[in-house]
Every structure is written in structure tokens, then in C-alpha cells.
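Under the working numbering, the sequence shown has 48 at position 39, and the numbering climbs by one with no breaks.
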Amino acid sequence: MLNFMDSLKMIHAAGIVENYALVMLIVYLTDVWGSGIIQAFGWIKMLFGITKAMPFAILFLMDHNYIGSYSMLIISTTASALGMGFLSISTPSWLYTRITGSCGEYKMKCISETQLSLFYWALILILIGRSARQATMETLNFKGNANERELKKHFVTSGSYFAVLHPSLLVFAPWSIIFGISSICSSLAVFLLMGKSWSHKLYINKPERSPVTSVLRVFMATILKINQKLPYESAFLFKEIDQDNSSLRGRSSLRFLEKAAIEPPNGKGRRLNRWTLCNFQEVEDAKTLVRMLPVGLMFAFLVLINSIASVYFLQQAKRLKPLSVYGIEVVNMSNLIFFYISAKEELHKEGRNYNRMLQNKEKLFRGVKEALIHAIIYCVVAALVEKSRLSVIRKHGLAYRPDHEIIPMTIFWFFPQAFVLGRFYGILERIVRISLAEEMPLPMRNLKKFVFDGFVGVGIISGVVVVYLVGKVSEMGGGANWFQHDTENRRLDLFYWVLTVLCILVFIRWK
10 MLNFMDSLKM
20 IHAAGIVENY
30 ALVMLIVYLT
40 DVWGSGIIQA
50 FGWIKMLFGI
60 TKAMPFAILF
70 LMDHNYIGSY
80 SMLIISTTAS
90 ALGMGFLSIS
100 TPSWLYTRIT
110 GSCGEYKMKC
120 ISETQLSLFY
130 WALILILIGR
140 SARQATMETL
150 NFKGNANERE
160 LKKHFVTSGS
170 YFAVLHPSLL
180 VFAPWSIIFG
190 ISSICSSLAV
200 FLLMGKSWSH
210 KLYINKPERS
220 PVTSVLRVFM
230 ATILKINQKL
240 PYESAFLFKE
250 IDQDNSSLRG
260 RSSLRFLEKA
270 AIEPPNGKGR
280 RLNRWTLCNF
290 QEVEDAKTLV
300 RMLPVGLMFA
310 FLVLINSIAS
320 VYFLQQAKRL
330 KPLSVYGIEV
340 VNMSNLIFFY
350 ISAKEELHKE
360 GRNYNRMLQN
370 KEKLFRGVKE
380 ALIHAIIYCV
390 VAALVEKSRL
400 SVIRKHGLAY
410 RPDHEIIPMT
420 IFWFFPQAFV
430 LGRFYGILER
440 IVRISLAEEM
450 PLPMRNLKKF
460 VFDGFVGVGI
470 ISGVVVVYLV
480 GKVSEMGGGA
490 NWFQHDTENR
500 RLDLFYWVLT
510 VLCILVFIRW
520 K
């Protein structure tokens with residue numbers, strides 16, 4: 010008999026299939042819609058960025074009991090199923106052609122206005138479904154025989170199976186099937202969840218309070234008491250009955266937020282409304298989160314640099330020729346990717362050394378400095394290599410040749426970029442991320458992934474916006490856009506110099 014754990018495993022498997030379909034959406038937009046690779050990446054990166062930032066809104070709803078975890082799990086999976094279903098129907102599929110009698114080729118001319126509307130509705134539903142599922146799955150507390158380690162082990166195993174089987178089975182499948190399979194998997198997960206709904210609720214506890222909700226409550230209560238005088242000592246502020254006064258010591262900064270804990274004259278010792286009265290510990294937690302904001306925004310800036318670099322890095326390298334010795338390829342694209350991953354994984358050891366040697370504050374500031382230095386080095390190296398690549402293209406007259414034509418420049422020139430980019434990403438993952446999580450208030454540590462992902466989402470979205478704005482600015486005065494559809498006519502070297510100057514300014518300010 011299927012139980013709740015089987016339903017969760019099915020939801021996870023459906024999520025893996027959905028991830029693959031969304032990655033393939035880039036190819037669909039370029040091949041069928043005729044979009045440029047920059048626009049296609051912008052669509053998908055914006056989708057993933059909002060998905061990472063949006064769970065805070067979902068947590069807000071769950072935190073106030075507007076909707077339970079179990080209901081949110083069903084809604085999120087249903088939204089994903091409908092979204093992928095709409096995405097499948099929005100393609101010029103055989104079934105849609107038979108019903109409507111319209112064109113059946115995978116060309117933009119065969120996509121009707123109705124299908125365009127379905128496509129945009131599909132993206133909205135997928136966005137809601139992914140965000141809600143991410144928020145719910147992270148906040149669930151599991152009961153029963155399977156512990157957290159066993160659950161993660163199953164997730165990794167099932168993920169490996171689907172990562173290997175799904176792309177190989179669908180490599181020759183039409184687009185409607187690629188997107189439709191994901192919809193079927195999500196629909197099956199919904200069916201399993203609703204099969205014995207009464208028993209599933211037994212496995213779900215109320216999630217911990219959202220960091221965003223805590224900060225909003227403190228600010229709201231502070232605004233409502235803006236005209237009240239702040240007590241000289243924290244002992245006069247509201248505390249829960251089970252809180253020890255000796256263990257609660259306030260910090261001198263951001264003291265104006267302590268107004269949120271001023272008790273009303275007629276409600277001594279009682280809290281009737283959490284939006285008008287917060288306890289002292291909630292105020293201190295909100296202070297900590299507000300102090301984290303500058304570091305979080307710095308982290309979002311670093312993610313912005315990494316998201317831009319990772320997209321253009323592979324695009325630049327894919328048309329370079331492998332390095333051969335006596336006709337044998339010794340350095341190719343696979344070696345480049347392996348070198349990048351190795352440089353990233355090497356930071357795992359250094360991350361452990363940071364944990365042993367440094368206090369958390371030192372570790373965080375040193376990690377951010379090192380990440381900024383690596384970002385500056387990467388942008389300089391990338392600008393120089395891109396300038397050399399463009400010089401080779403002009404020298405051999407390849408500016409307007411087909412994209413599949415190989416450029417007579419060895420891929421070996423991109424290894425310094427791969428090394429620096431790998432270390433840069435490793436620093437973000439192993440040092441800055443861990444240090445940022447350790448700065449969070451203790452009651453919210455279990456939700457640290459949401460805070461981290463929220464800043465990642467802001468960074469990814471900002472990267473898309475920056476590329477768009479720089480492209481528009483570069484067109485002023487009749488100039489060409491730096492981000493052309495073909496890699497031969499882009500001016501990424503100039504863009505990397507702009508990022509270099511920006512990173513240097515941020516580094517000087519951070520010091």
C-alpha cells in the first residue's frame with residue numbers, strides 16, 4: 010500500500026522531470042520561436058530567479074494558517090501539472106493540429122494567439138507551482154520510519170535514475186511529449202496525495218515562522234507605536250512567560266525597533282495580537298535579520314556576476330577547437346567542464362579550514378572579499394580572452410559564418426577562466442553561504458535555505474535586468490547592441506570591463 014513517503018518521492022521525481030523540461034525550453038524557444046539565445050536564457054533565468062525568491066510569500070500564507078502545508082502541497086503540484094500541460098498544448102502538437110486543423114510544424118508561424126496565451130499562462134502556473142512546492146517540501150517535518158538521511162538518499166537515487174533515463178528516452182520525442190510527460194508525472198503525484206488525504210495530514214507539522222513574517226510584524230508594531238517613548242531598559246519590554254530575563258540582552262543598534270515590544274497599559278503580560286505587540290526575542294531576531302541585509306545584498310551581487318559569467322562562459326567556448334597532439338584530442342569541452350568542477354570542489358576543503366580557523370564574522374567578511382577578488386580576476390581574464398577570440402574571428406573572416414563552424418583558437422585559452430570561475434562559485438557555496446546561514450537567529454536556522462535562495466533569486470533576476478539595461482545603453486547613439494544573437498558579433502569584452510569596474514568599486518566600498 011502506498012503511504013505518504015511514496016507520494017513525496019513521486020513529487021520529487023516529477024520535479025526532476027520538470028527541471029529537465031524547463032532546461033529544454035531554452036532549446037524550444039531558440040529553435041521554434043526563433044528567439045536569440047540571450048532572450049531564451051533571460052526567460053528561463055528570470056523564471057528560476059523568481060521561483061527562488063517567491064517562497065517567502067508562500068511561507069507568509071502558511072505562517073498565518075491561511076492555508077495548511079498539506080493543502081499547499083496539493084495546490085503546488087496541481088499548478089505544476091496544469092502549467093506543464095498548458096506548455097505541452099501551446100506547442101504545434103499533432104493532437105492540437107487534428108482538433109483545430111491548424112499548421113502542425115514546429116515553427117513560429119504555426120503557433121496561434123491562443124497557444125501564445127496558453128504559453129504565458131503555463132509560465133505563471135509553473136512559477137506558482139515550483140515556488141509553493143519548494144516552500145512546502147522544505148518546511149515539512151517527516152514522521153515514521155524514514156529519517157532525513159534515508160529520505161535524502163532516496164531523493165538522490167531517484168534523481169540519478171531520472172537524470173539518466175528521461176533525457177535519453179525523450180531525445181527524439183516531439184516537444185509536446187517532452188512537456189507532457191512532466192505534466193503526467195505531476196498529475197500522478199496529485200492523485201497519490203489525494204488518495205488517502207486523511208492519513209497524510211498526520212505526517213505534517215506546522216512550519217516554523219517565516220523570517221519575512223517576523224520582520225514585518227516587528228516593523229508594523231513599531232510603526233503603530235512610533236509616537237511612544239522608548240524605555241531606557243529592556244526589562245520594561247514584553248517577554249513571554251517562559252523567557253528568562255537574564256538571557257535576553259538587547260543590542261544598542263536599531264533600538265527604535267524595540268517599540269514593537271512596548272506593552273499596552275490595559276494588556277499587561279498578555280498578547281492579544283502579534284501584529285501590534287511582539288516579544289523582546291522577536292525584536293532581537295528582527296534586528297539580526299535587518300543587519301544581515303547589507304551582506305545579503307552583497308551576496309546577491311556576487312550571484313549576479315556568477316549567473317552572467319556561467320551563461321556566456323560556455324557559449325564562448327563551445328565553438329573553439331580542441332587541443333590535439335598527434336591527432337589525439339587531449340583538451341576538449343569535457344576537460345574544460347571537469348576542470349571547472351574540480352576547482353569548485355577544491356573549495357570544500359578550504360571551507361572546512363575557514364570553519365576551524367576563523368570566527369563567523371571574520372569568516373564571512375573574508376569570504377566576501379575573496380569572492381570579490383575572484384570576480385575581478387575572472388572579469389579581467391574573460392575580457393582579455395574574449396578580445397583575443399574576436400580578433401581571431403575577424404582575422405579569418407568568420408563574423409557572419411554559421412554558428413557550427415569551428416573557430417581556429419584552442420579551447421586551452423579558456424582554462425584560466427574555468428579555474429577562476431570554479432573557485433568563485435565554490436567560495437559562494439562553501440564559505441559565504443554557510444557564514445550567511447550562521448548569522449541567522451537561532452529560531453530560524455531551519456529556514457536558512459529560504460534566506461539563501463531568496464538572495465540567489467534576487468541576484469539571478471538582477472543579472473537578467475543588468476544585461477537588458479546594458480544592451481539598451483549600448484544601442485544609444487546608433488551603436489550596436491553588445492548582446493547580439495550570434496557570438497561573433499557580441500561585445501562581451503566591453504561588458505566584462507564594465508563588470509570589472511563595478512566589482513572594483515564594490516570591493517573598495519566593502520573594505
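Heads up, the beta-carbon is just placed ideally off N, CA and C, and yes, glycines get one too.
Tell me, please, which residues DSSP counts as bridged to residue i.
{"i": "I416", "result": "L329"}
Hey, residue i and residue j: beta-carbon distance below 7 Å or not?
{"i": "L56", "j": "A144", "result": "no"}
{"i": "A198", "j": "V467", "result": "no"}
{"i": "F188", "j": "S97", "result": "yes"}
{"i": "S192", "j": "G94", "result": "yes"}
{"i": "G431", "j": "A318", "result": "no"}
{"i": "A295", "j": "V227", "result": "yes"}
{"i": "A384", "j": "C194", "result": "no"}
{"i": "S99", "j": "L82", "result": "no"}
{"i": "T509", "j": "V394", "result": "no"}
{"i": "Y505", "j": "A391", "result": "yes"}
{"i": "A88", "j": "L134", "result": "yes"}
{"i": "A131", "j": "G92", "result": "yes"}
{"i": "Y115", "j": "V41", "result": "yes"}
{"i": "L239", "j": "K268", "result": "yes"}
{"i": "E25", "j": "L136", "result": "Note that residue 25 is Ile in the sequence shown here, rather than Glu. It is not a contact, given that the beta carbons lie outside the stated cut-off."}
{"i": "I420", "j": "L345", "result": "yes"}
Can you name, in chain order, every residue of its own chain whose Cβ lies under 8 Å from the Cβ of residue i, other than the five neighbours on each side?
{"i": "L437", "result": "F308, L311, V312, N315 and A380"}
{"i": "L263", "result": "K296, V299 and R300"}
{"i": "F348", "result": "F424, A427, F428 and G431"}
{"i": "S397", "result": "M418 and W422"}
{"i": "T86", "result": "I20, A23, G138, R142, S195, A198, V199 and L202"}
{"i": "E291", "result": "S223, R226, V227, A269 and A270"}
In chain order, what residues of the same chain have a beta carbon less than 7 Å from the beta carbon of residue i, not counting five sequence neighbours either side?
{"i": "M19", "result": "L197, A198 and L201"}
{"i": "G480", "result": "N490, W491 and F492"}
{"i": "Y37", "result": "W184"}
{"i": "M229", "result": "W284"}
{"i": "G463", "result": "K61, A62 and F65"}
{"i": "A90", "result": "S192, S195, S196 and V199"}
{"i": "L233", "result": "T285"}
{"i": "S44", "result": "L38"}
{"i": "L34", "result": "I53"}
{"i": "L503", "result": "W491"}
{"i": "A500", "result": "For the record, residue 500 in the displayed sequence is Arg; it is not Ala. Cβ neighbours of R500 beyond the five flanking positions: W491."}
Who are the Cβ neighbours of residue i in its own chain at under 6 Å, not counting the five residues just before and after it?
{"i": "V320", "result": "F50"}
{"i": "K54", "result": "I469 and V473"}
{"i": "S483", "result": "N490 and W491"}
{"i": "I517", "result": "none"}
In this structure, does DSSP put residue i in helix, strand or coil?
{"i": "Y115", "result": "coil"}
{"i": "L41", "result": "Correcting the residue identity first, residue 41 is Val in this sequence and not Leu. If DSSP states are grouped into helix, strand and coil, V41 belongs with coil."}
{"i": "G431", "result": "helix"}
{"i": "M63", "result": "coil"}
{"i": "N28", "result": "helix"}
{"i": "W519", "result": "helix"}
{"i": "G92", "result": "helix"}
{"i": "G51", "result": "helix"}
{"i": "G138", "result": "helix"}
{"i": "K234", "result": "coil"}
{"i": "W130", "result": "helix"}
{"i": "R500", "result": "coil"}
{"i": "N288", "result": "coil"}
{"i": "N150", "result": "For N150, the predicted model reports a pLDDT of 48, less than 50, meaning its position is unreliable and no value from the coordinates is stated."}
{"i": "I83", "result": "helix"}
{"i": "S121", "result": "coil"}
{"i": "S169", "result": "Note that S169 scores a pLDDT of 48, beneath 50, so its modelled location is shaky and nothing firm can be said."}
{"i": "S102", "result": "coil"}
{"i": "G376", "result": "helix"}
{"i": "E272", "result": "coil"}
{"i": "P8", "result": "Outside the shown range of the chain (10 to 520) lies residue 8, about which nothing can therefore be said."}
{"i": "L263", "result": "coil"}
{"i": "G305", "result": "helix"}
{"i": "L514", "result": "helix"}
{"i": "P176", "result": "Residue placement at P176 cannot be trusted, given a pLDDT of 49 that sits under 50; the coordinates are not used to answer."}
If you measure from the CB of residue i, is any heavy atom of the ligand FMN nearer than 6 Å?
{"i": "S97", "result": "The ligand FMN is not part of this structure, which contains no ligands at all."}
Taking only runs that begin and end inside the stretch 464-493, name each unbroken alpha helix (DSSP H) of 4 or more residues, in chain order. none
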